[in-house]
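Numbering (our numbering), first residue to last: 39 to 298.
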């Protein structure tokens, strides 16, 4: 081999990926034009190798993300299963512990457990991260709806609630619905409930939700504070939110200010 030409194949960061090597048994076989042509081929080879590396890296990342999503789904299903089991155990323990309590009290507690389970189901459908307020409201009031007789009127913008806020709102609405069935707008055939909400500020950092009952029996303020109102007040305060219940004779009005 008398004539020899070598050109490195280098990446865009200067890393040498390889080389192109040519040899001949006659002298003077490689000119400047030959070298320029080989340099051009080397540049295209470097681009092809870099693209192949990028493709492989992207494929590896996609595969890792797929495995992570599968692991996440598995964990979420396990959490959902364990939450349901825990709520079932709590319900069974309450049934044993308070079996001498009046039936309405046992049924009320059981309904609260079911409402909490329903809210957990909604969150698990949303990957346990957040839920839309309309979905939370519809899930919470579904036990109080009557087929062929719509007594709820719900209106407001779309807004996402985190897991804690979604669970809290579901429980609060369940308590309001339970009280409406016992004493309020849902205790007769003519009552209606309007659930409306909107952002409380221009930055959309808080929501104001109003539960307003109408056409029910005349409302009188309760003589004692029950579990429901205690739950509403303390739970909202723990989440930096507030609740105001007005026992208007025309119908109960509850205003919730929820910090997002």
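From the three backbone atoms N, C-alpha and C, an ideal C-beta is built for every residue, glycine too. Quantities reported herein were computed from a predicted structural model and do not represent experimental measurements.
Taking all protein chains shown into account, residue 283 has 16 or more neighbouring C-beta atoms within 10 Å of its C-beta and is therefore buried. Within a 10 Å sphere around the beta-carbon of residue 199 sit 16 or more other beta-carbons, which makes this residue buried.
Ranking 231, 221 and 169 by CA distance to the CA of residue 202 puts 169 first.
Within the model, the alpha-carbon separation for residue 69 versus residue 96 is close to 41 Å. DSSP places residue 298 outside any alpha helix (DSSP H), giving it a letter other than H or E. For residue 246, there is no enclosing alpha helix (DSSP H); the enclosing beta strand (DSSP E) has its first and last residue at 244-252.
Per DSSP, the beta-bridge partners of residue 284 are 291. DSSP places residue 172 in the uninterrupted alpha helix (DSSP H) bounded by 171-179.
A contact is defined here as three or more CB-CB pairs under 8 Å, and the segment 173-182 meets this definition with respect to the segment 208-226. Residue 241 and residue 296 have their alpha carbons spaced roughly 14 Å apart. Taking a C-beta distance under 7 Å as the contact criterion, residue 92 and residue 76 do not qualify as a contact pair. Cα atoms of residue 285 and residue 105: separation of roughly 54 Å, rounded to the nearest angstrom. Non-local C-beta neighbours of residue 229 in its own chain, meaning closer than 6 Å and more than five positions away in sequence, comprise 223, 253 and 254, ordered along the chain. Buried is the label assigned to residue 250, since at least 16 other Cβ atoms lie within 10 Å of its Cβ. Contact annotation, residue 235 with residue 246: C-beta distance approximately 7 Å; criterion of less than 8 Å satisfied. In the DSSP annotation of this structure, the continuous segment of the alpha helix (DSSP H) that includes residue 201 starts and ends at 201-220.
Residue 184 carries a strand assignment under DSSP once its states are collapsed to helix, strand and coil. Following the DSSP letters along the chain, one finds residue 240 in no beta strand (DSSP E), marked with neither H nor E. Taking 7 Å as the cut-off, the beta carbon of residue 47 is found closer than this to the beta carbon of residue 84. Nearest to residue 65 by alpha-carbon distance, out of 275, 43, 189 and 194, is 43. Around the CB of residue 148, fewer than 16 other CB atoms lie within 10 Å, so the residue is classed as exposed. Between residue 268 and residue 274, the C-beta gap is not smaller than 7 Å, which leaves the two residues out of contact. Within the same chain, and ignoring the five residues on either side of residue 40 in sequence, the residues whose Cβ sits closer than 7 Å to its Cβ are 62, 63, 64 and 65. Residue burial annotation: residue 226 is exposed, with fewer than 16 other C-beta atoms found within 10 angstroms of its C-beta.
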